[in-house]
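J.: First residue of the sequence shown: 8, per our numbering; consecutive thereafter.
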Amino acid sequence: MVDRSKIEQLCYSTLSVSSEYAKDPSKSPGDIAEKLYGSHHLTTITTKTPDSRGTFSKNDLEWAKSCGNFGNTNPSELFLHGLHDVLQCLRHDPMADCVSPPLIGTTGFVPMTIIAPLNDQLRHMSNLIVRAKKEVLLATNFWKTSGASTFVNDALIELSKRTAARNERVVVKIMFDRGALKQIFDNHQNVDSKGWQASGVGLPPPEQMPNVDLAIVNFHRPPLGTFQSKFMIVDRQIATVSSNNIQDNDNLEMMSHLEEPIVDSPWETFLISWHNALKPAAPCRTTSAAQSSPPTYSEQSFTALFEPDGSFRLPEQPCHHDLPEHMPNSPHYDDSIANEIERMRSVLNPAAGEKHCDAVARYLNKPTGLSVKATSPEKDSGLHFFPFIPVPDTEPVPMAMVSRKPYAAMNNDSVFVPQNEAFLSLVRNAKCTIFIQTPDLNAKPLLPALISAVKRGIEVTYYVCLGYNDGGELLPGQGGTNEMAANHLYSELEEDEKPLLKVFFYVAAD
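This is how it looks when you write it as structure tokens:
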């Protein structure tokens with residue numbers, strides 16, 4: 008029988024990196040993690056994949072539930088399977104999940120999701136930035152001077168003005184990954200004002216945001232330890248977790264807006280990723296998100312968005328406002344999510360004689376300056392494109408913070424990590440269907456798991472890109488192209504099993 012006492016001790020503890028940091032903010036998160044757990048963000052502990060994985064009894068699931076802080080919620084069996092398997096990674100490295108173990112299993116709310124091209128994520132992020140009262144923590148992988156970065160620039164300048172009007176200051180910390188030779192010796196490179204104004208980054212000079220205390224760290228673990236993180240926390244009350252970098256591209260991106268206890272988890276992950284002492288200290292270190300109510304659901308304007316049955320029907324209704332679009336170098340901020348949605352409704356409102364698909368094409372053409380014409384047929388009004396998807400007030404739902412450390416070595420040995428275990432556990436324990444959307448699906452541990460799922464009678468559907476990064480995926484150590492992976496999956500199935508595997512190549516509607 009596996010000894011669970013170490014994991015229990017870690018998860019049941021009242022101590023965490025963030026609780027200890029609150030007591031003494033002069034200490035670095037890396038030193039605190041080392042003292043508490045004998046590990047930190049830069050500790051590489053390579054572990055072999057276990058001979059067997061998985062949960063085998065109701066007791067396993069109850070044990071996993073006891074390791075989280077789920078209050079009166081009732082996590083599903085599938086959720087607890089995933090959490091159980093994630094927690095096994097802590098046996099060898101308590102910091103494997105890039106967050107203190109007591110903050111892995113928790114609860115929270117998702118008042119809004121965004122599914123749209125990149126600029127719509129930045130529109131929402133910039134609105135959250137200007138509403139900040141004390142601090143903004145922003146983590147991204149790639150940062151490049153662009154329309155996307157201009158959204159952030161404009162927001163920082165506006166934030167400084169609003170903070171000055173209150174006779175206050177606000178702390179902003181940004182992490183990104185722009186490889187530099189110095190990172191061979193120190194993975195965390197502080198970026199001074201000269202560096203952040205350089206052409207590739209292009210942030211505003213200090214004199215344009217005098218009431219913002221800005222600090223930036225450029226983090227990378229050479230050669231291959233990428234900081235593949237894209238999240239933001241505002242005032243330790245709201246977090247966004249998203250797929251987008253801060254650069255211009257044509258990608259479909261996704262974002263979840265999170266509130267309540269779950270926010271404490273990415274907040275601490277940011278500290279752990281920063282690793283070194285935070286100067287100035289994080290102002291919200293003593294105000295846990297778990298101690299507050301979800302701010303969005305306290306706004307009457309937000310709750311008024313929904314029909315009595317909880318449905319969101321506004322995109323189907325005519326919009327009678329003509330509001331300017333929130334754009335880089337021409338910002339138009341809103342004081343609530345409800346007003347952000349109303350502005351988006353106005354922007355996507357067809358002009359006289361214009362079809363809805365033409366209005367969407369006009370909207371999508373703006374960032375690129377192109378004039379691509381819509382060719383898709385008109386859809387029912389309930390199917391119209393609308394990037395902001397609000398969610399009505401509910402009870403808190405169980406959530407888990409699942410990450411992995413950056414791995415620098417030029418091999419594929421680092422596979423027994425929380426994110427991998429979560430994905431594999433959910434595939435392994437699926438009972439009906441599996442849906443995956445990703446640019447590339449070729450990971451060696453995942454392919455046999457999908458084959459096994461199909462052979463159990465599970466319908467597996469996935470959407471991938473056609474031709475995306477094919478050159479990189481053909482390099483040694485990579486998994487090959489999407490076509491190669493799909494061909495391999497089908498080749499391992501019997502004829503009567505193949506209909507259960509549905510592979511699609513994603514191309515946006517014209």
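Every residue gets a Cβ at the ideal spot worked out from N, C-alpha and C, and that includes glycine.
Taking Cβ to Cβ, would you say Gly186 is nearer than 8 Å to Ala415?
T.: no
J.: Count the other CB atoms, across all protein chains shown, that sit within 10 Å of the CB of Ser459; report buried if there are 16 or more and exposed otherwise.
T.: Flag for Ser459 reads exposed.
J.: Spatial neighbours of Thr440 within its chain, please: C-beta separation below 6 Å, excluding the five flanking residues on both sides.
T.: Glu466
J.: Which residue wins for smallest C-alpha separation from Ala123, given the options Met351, Asp329 and Thr21?
T.: Checking every option, the nearest Cα to that of Ala123 belongs to Met351.
J.: Run through the DSSP bridge pairs and tell me what Val179 is partnered with.
T.: Val143 and Leu221
J.: What does DSSP give as the partner residues of Gly115 in its beta bridges?
T.: Val404
J.: Would the beta-carbon of Phe313 fall within 8 Å of that of Pro394?
T.: no
J.: Less than 8 Å separating the beta-carbons of Pro36 and Trp274?
T.: no
J.: When you compare the CB positions of Glu162 and Val137, do they come within less than 8 Å of one another, or not?
T.: Note that residue 162 is Ala in the sequence shown here, rather than Glu. Contact flag set, yes.
J.: Please identify the residue among Ala139, Glu502 and Phe319 whose C-alpha is closest to the C-alpha of His164.
T.: Per the sequence presented here, residue 164 reads as Ile, with His not at that position. Relative to Ile164, the option among Ala139, Glu502 and Phe319 whose CA is nearest is Ala139.
J.: How big is the Cα-Cα spacing for Val179 and Met216?
T.: 11 Å
J.: I believe Thr80 touches Pro405 by the beta-carbon criterion, under 8 Å. Please report the beta-carbon distance rounded to the nearest angstrom.
T.: 5 Å
J.: Taking all protein chains shown into account, decide if Ala327 is buried (16 or more other Cβ within 10 angstroms of its Cβ) or exposed.
T.: It is worth fixing the name first, because residue 327 is His in this sequence and not Ala. When all chains shown are included, His327 counts as exposed.
J.: Can you tell me the Cα-Cα spacing of Pro287 and Arg176, whole angstroms?
T.: 11 Å
J.: Mind checking Met8: buried by the 16 CB within 10 Å criterion, or exposed?
T.: At Met8, the pLDDT of 44 sits below 50, so the modelled position is not reliable and the matter cannot be decided from this model.
J.: Taking DSSP's pairing of strands, which residues face Phe238 in a bridge?
T.: Ala146 and Val248
J.: State the DSSP-derived secondary structure class of His195, mapped to helix, strand or coil.
T.: strand
J.: Using the C-alpha atoms, what's the distance from Met262 back to Trp150?
T.: 17 Å
J.: Out of curiosity, what's the CA-to-CA distance linking Arg320 and Ala29?
T.: The straight-line gap from Cα to Cα measures roughly 44 Å.
J.: Any Cβ of chain C within less than 8 Å of the Cβ of Phe393?
T.: Of the protein chains in this structure there is only one, and it is not chain C.
J.: Would the region 382-392 count as touching the region 99-109 if we require 3 or more Cβ pairs under 8 Å?
T.: no
J.: Assuming Arg60 and Leu431 form a contact by the criterion Cβ under 8 Å, report the distance between their Cβ atoms to the nearest whole angstrom.
T.: Going by Cβ atoms, the distance from Arg60 to Leu431 rounds to 7 Å, so yes, they are a contact pair.
J.: Which ranges would you report for the alpha helix (DSSP H) in the region 244-300 if only whole runs of at least 4 residues count?
T.: 271-281
J.: In the DSSP assignment, the beta strand (DSSP E) including Thr157 goes from what residue to what residue?
T.: Premise fails: Thr157 lies in the alpha helix (DSSP H), Gly154 to Ala172, not in any beta strand (DSSP E).
J.: For Phe511, count neighbouring C-beta atoms within 10 Å of its own C-beta (all shown protein chains included) and say buried if the count is 16 or more, exposed if not.
T.: Residue environment analysis places Phe511 among the exposed positions, since fewer than 16 neighbouring C-beta atoms fall within 10 angstroms of its C-beta.
J.: Would you say the region 151-158 touches the region 248-265, given that touching needs at least three Cβ pairs under 8 Å?
T.: yes
J.: Look at Thr303 and Ile344 and say whether their C-beta atoms are less than 8 Å apart.
T.: yes
J.: What residues in its chain sit with their C-beta under 8 Å from that of Leu68, if we drop five residues either side in the sequence?
T.: Thr62, Glu84, Leu87, His88 and His91
J.: Strictly by DSSP, which residues pair up with Gln426?
T.: Bridge partners of Gln426: none, in fact.
J.: In whole angstroms, give me the CA-to-CA distance for Asn418 and Pro229.
T.: 13 Å
J.: Let me know the secondary structure DSSP gives Glu466 once reduced to three states.
T.: strand
J.: Using a 10 Å radius around the Cβ and a threshold of 16 neighbouring Cβ atoms, would you call Gly75 buried or exposed?
T.: buried
J.: With a threshold of 16 other CB atoms inside 10 Å of the CB of Asp354, please say whether the residue is buried or exposed.
T.: According to the sequence provided, residue 354 is Val. The question's Asp does not apply to it. It is buried - the Cβ of Val354 has at least 16 other Cβ atoms within 10 Å.
J.: Where Asp517 and Leu259 are concerned, what is the direct C-alpha to C-alpha distance, given to the nearest angstrom?
T.: Residue confidence is low: Asp517 scores 39 on pLDDT, short of 50, so the model does not pin down where it sits. Its coordinate-derived value is still stated next. Cα-Cα distance, rounded: 14 Å.
J.: Roughly how many whole angstroms lie between the Cα atoms of Pro403 and Phe309?
T.: 17 Å
J.: If I'm right that Asn489 touches Leu448 with Cβ under 8 Å, what's the distance once you round it to whole angstroms?
T.: Contact between Asn489 and Leu448 holds, with the beta-carbon distance rounding to 6 Å and staying under 8 Å.
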